[in-house]
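*Asks:* Chains as they are written, first to last, in this note's numbering: chain H, 859 to 1188; chain U, 7 to 476. Virtual Cβ for every residue (Gly too), placed ideally from N, Cα, C. Computed from a prediction, not measured in an experiment: that's the story for all the values here.
1) How would you label residue 1176 of chain H, buried or exposed, when you count the other beta carbons within 10 angstroms and need 16 or more for buried?
2) Straight-line CA distance for residue 1118 of chain H to residue 1108 of chain H?
3) Give a yes or no on whether the minimum CB-CB distance between residue 58 of chain U and chain H is below 8 Å.
4) Which same chain residues end up closer than 7 Å to residue 961 of chain H when comparing Cβ atoms and leaving out the 5 residues on each side of it in sequence?
5) Would you mind telling me which residues of chain U sit closer than 7 Å to residue 1048 of chain H, beta carbon to beta carbon, in chain order?
6) Quick one: Cα of residue 300 of chain U to Cα of residue 258 of chain U, how far?
7) What is the DSSP secondary structure of residue 434 of chain U, reduced to helix, strand or coil?
8) Give, in chain order, every residue of the segment 1065-1079 of chain H whose Cβ lies closer than 9 Å to some Cβ of chain U.
9) At the 8 Å Cβ level, is residue 423 of chain U part of the contact set with chain H, yes or no?
10) Tell me the DSSP secondary structure of residue 1034 of chain H in three-state form.
11) What residues in its chain sit with their C-beta under 6 Å from that of residue 356 of chain U, if we drop five residues either side in the sequence?
12) Nearest CA to the CA of residue 107 of chain U: which residue from U:139, U:73, U:144 and U:394?
13) Tell me the rounded alpha-carbon separation between residue 981 of chain H and residue 1087 of chain H.
14) If the criterion is Cβ atoms closer than 8 Å, does the pair residue 414 of chain U and residue 382 of chain U meet it?
15) Can you tell me where the beta strand (DSSP E) holding residue 290 of chain U begins and where it ends?
16) Quick one: Cα of residue 1171 of chain H to Cα of residue 1164 of chain H, how far?
17) Starting from the C-beta of residue 55 of chain U, find all residues in its chain whose C-beta is less than 6 Å away, skip the five residues before and the five after it, and write them out in chain order.
18) For chain H, check one thing: does any of its Cβ atoms lie closer than 8 Å to the Cβ of residue 201 of chain U?
19) Could you tell me which of H:1134, H:1180 and H:1003 sits nearest to residue 934 of chain H, measuring between CA atoms?
20) Taking the DSSP output, what are the residues bridged to residue 255 of chain U?
21) Mapping the DSSP letters down to three states, classify residue 372 of chain U as helix, strand or coil.
22) Ignoring anything shorter than 4 residues or poking outside the segment 282-343 of chain U, list the alpha helix (DSSP H) runs there in chain order.
23) Residue 1061 of chain H lies in the alpha helix (DSSP H); which residues open and close that run?
24) Touch check for the segment 264-283 of chain U and the segment 362-369 of chain U: three-plus C-beta pairs under 8 Å?
25) Using a cut-off of 8 Å between C-beta atoms, extract the partners of residue 1132 of chain H located in chain U.
26) Helix, strand or coil for residue 924 of chain H per DSSP?
27) For the beta strand (DSSP E) holding residue 220 of chain U, just list the boundary residues, first then last.
28) Who are the neighbours of residue 1062 of chain H on chain U, taking C-beta pairs under 9 Å?
29) Can you say whether residue 1146 of chain H is buried or exposed, counting buried as having 16 or more other CB atoms within 10 angstroms of its CB?
30) Report yes or no: is there a C-beta of chain H within less than 8 Å of the C-beta of residue 388 of chain U?
31) Are the beta-carbon atoms belonging to residue 139 of chain U and residue 182 of chain U less than 8 Å from one another?
32) Along chain U, which residues have their Cβ under 7 Å away from the Cβ of residue 1054 of chain H?
33) Just the Cα atoms here: how many angstroms apart are residue 262 of chain U and residue 427 of chain U?
34) For the putative contact between residue 180 of chain U and residue 148 of chain U, defined by C-beta atoms under 8 Å, what is the C-beta separation to the nearest angstrom?
35) I'd like to know whether the C-beta of residue 323 of chain U is nearer than 8 Å to at least one C-beta of chain H.
36) Buried or exposed: residue 96 of chain U, going by 16 or more other Cβ atoms within 10 Å of its Cβ?
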């Protein structure tokens, strides 16, 4: 399939391979490499295999959640409820296992609940004609967090079965198990977005919903699917996080919506919709993870870390805009 | 882009500027309005050489640009839009009474008495155009550049606009008028200049040239014969589409039916309703495709029954501008499959890019970078790939150049010759009379009458379109 695409690329005039278009494609990756280089120079503990694997483990939850957020943002939407859906799934999966439900079924139930809550977001958006996805997902953010607190009584549910904990804390050889999960999800999302007709519909909806509809794209059904997918990845994040912490706690994933939005946007997607890739989003999540890890190694206080990350988010989007302007001129 | 072009405008004249897309019209106008500085050559205003360092310099001299894309704030009033960014004010407070009064004066100069306090959102396209011109006039512009002001207007509204332009010229304002509609150039302009490939081909009073002469100057000789309308008596083999209800209409296979009417007569509503976009009211009760009654609730249903819609606004409704040529062409086809078939899609796209002579740099070029004519051909190609048999075309040649127009007419005739049914709406009567086998005229959401290709004249169409009875 990729062979068939190649002749087209080569028939393009040279300016399609200009610096601007390369920057567009590999800009975030370049940023990540520079960041790693700088942190490696500043701390001799950063560029060690152990630490880098640790970064992967720490970034896994955000990477999973960001994949769903990416699909939403491609449709020019936003999902503010992913952090809370992660929280409620965390609590439910832990509570089910405490009630004696086998881990496998508990995990399936968590995915189902994530998908259902996401689908409710999509249905509220399309069928009630709420003006912007901000509204239903903001509502869901509060409702799901509230329910997580109600179900758990406000206390963490600790001591989970070791088979379950594998996906958060375990390793296969030297590879952290959560990393395997991220790679699996990323491959599925990559194929879904770039090789299926539904994936193409999703990009078209973000680019121009009106034209998509007039071309026969069932816009409402696609949007409901998109928000359910975001719920599913939030549930996946919940399973990794609960496993790693050995506990389902009701405040899990607070702020997760903002971390995931940041990763997607740093990874080159646009709030205007129609643009965004799985690869870019993974790089975005890694940039966030590397920053946190590196700042920890450099003994920067948590308060200052927040300041740095806020600055990086704005800077990344600004760089992206500069990039786009350059591309338009070139 | 431009070579050896010498161009002048006199006070009180309308100087029309024509040429295909890419001929250099925009470059020339960008130089005059200060957006672009020329590498060589000089610019004189009132016989004095001037150097413009930006659009503000041009504005200060009294050169105003009425843009093709309207830049109005719909939530604000007419007066607020006219004086946007430079309200009459005293010590930081807007003097609303003075603003409304001056807006009223400016509109009166254009021959209109609209209430300047009305919000722009309520205005028709033609009225918005007027507000845009009023903005330039309020700026004391003595030279106005108008870039295709009539492109979105019906013939009737265009006449009202011409009246306003003539009033301005009587007051000594010079107008540079860019248009693709040759007929109005003969009607409105005092001189016409043709550009082709960055060179000036001719400058003449329109009385000294014929329309054919102009077309040949614009496109060279090779495409000329394509323009001659040969509405071939097509073979009619059975009914393709029938609507019954408040609007009754039947179209045969191989037939091109023109849809005429003033802006707001309900042409777009009819075409979009046929395509299942679910507007608030239905112009008819039932739809029959190939003699079989069908339900069209969504565009998906319409596509399944072999319908295709080329919408009136290709940028807003026809294309995903940020997506590639390939993605746009493939968007409507292959929906039943889960995985895309890249090789197959690319082959189909290439076939129609060749068939429609679409000029693209490659399949991954973004649609936004194409000219209007090529964009419209992409929309057409999207439907050709689906194998549609009933084509609903809403203003298919709006705002595109003469060469691309000819190619689109050509394609429409080929489709019909191939047995497809075409229902084509247009505000340009000439175009309908050239292409259509028969013309259906709408007035206030109803069909006011029907004229055969042989019978149709502009007078008869306008008579029906304005509500006259036979």
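*Replies:* Let me spell this out:
1) The Cβ neighbour count for residue 1176 of chain H, taken over all protein chains shown within 10 Å, is under 16; the residue is labelled exposed.
2) When rounded, the distance between both Cα atoms is 19 Å.
3) With 8 Å as the cut-off, residue 58 of chain U does not count as an interface residue toward chain H.
4) 955, 1019, 1021 and 1022, listed in sequence order.
5) Within chain U, not a single residue places a beta-carbon under 7 Å from that of residue 1048 of chain H; the smallest gap is close to 13 Å.
6) Cα atoms of residue 300 of chain U and residue 258 of chain U: separation of roughly 17 Å, rounded to the nearest angstrom.
7) Residue 434 of chain U: coil per DSSP, three-state reduction.
8) Within the segment 1065-1079 of chain H, the qualifying residues are 1065, 1066, 1068, 1069, 1070, 1071, 1072, 1073, 1074, 1075 and 1076.
9) Residue 423 of chain U has a beta carbon lying at 8 Å or more from every beta carbon in chain H.
10) Here residue 1034 of chain H sits in strand by DSSP.
11) Here residue 356 of chain U has no same chain residue with a Cβ atom under 6 Å from its own Cβ, once five neighbours each way along the sequence are excluded.
12) Measuring from the Cα of residue 107 of chain U, the nearest candidate turns out to be U:144.
13) One C-alpha to the other measures close to 13 Å.
14) In this structure, the beta-carbon distance from residue 414 of chain U to residue 382 of chain U falls below 8 Å.
15) From DSSP, residue 290 of chain U is part of no beta strand (DSSP E); its letter is neither H nor E.
16) Each residue's alpha carbon lies about 11 Å from the other.
17) Contacts found: 48.
18) No, its Cβ sits nowhere closer than 8 Å to a Cβ of chain H.
19) Comparing Cα-Cα distances from residue 934 of chain H to each of H:1134, H:1180 and H:1003, the minimum goes to H:1134.
20) U:249.
21) Note: residue 372 of chain U maps to strand in three-state DSSP.
22) With a minimum length of 4 residues, the continuous alpha helix (DSSP H) runs that stay inside the segment 282-343 of chain U are 305-310 and 331-336.
23) Its alpha helix (DSSP H) spans residues 1055-1065.
24) Short answer: they don't touch.
25) For residue 1132 of chain H, the neighbours in chain U by C-beta distance under 8 Å run, in chain order, 326, 328 and 329.
26) Helix at residue 924 of chain H.
27) Taken as a continuous stretch (DSSP letters only), residue 220 of chain U belongs to no beta strand (DSSP E), being part of the alpha helix (DSSP H) at 217-225.
28) Neighbours of residue 1062 of chain H in chain U, taken as residues at a C-beta separation under 9 Å, are given in chain order as 326, 329, 333, 334 and 337.
29) With a 10 Å radius around the Cβ and a threshold of 16 neighbouring Cβ atoms, residue 1146 of chain H comes out buried.
30) So, interface residue.
31) No; because the gap between Cβ atoms is not below 8 Å, this pair is not in contact.
32) Residues of chain U passing the Cβ test: 344, 345 and 346.
33) Computed Cα separation, rounded: 6 Å.
34) Right, the Cβ-Cβ distance comes to about 7 Å (below 8 Å), so this counts as a contact.
35) Residue 323 of chain U counts as touching chain H.
36) It is exposed - the Cβ of residue 96 of chain U has fewer than 16 other Cβ atoms within 10 Å.
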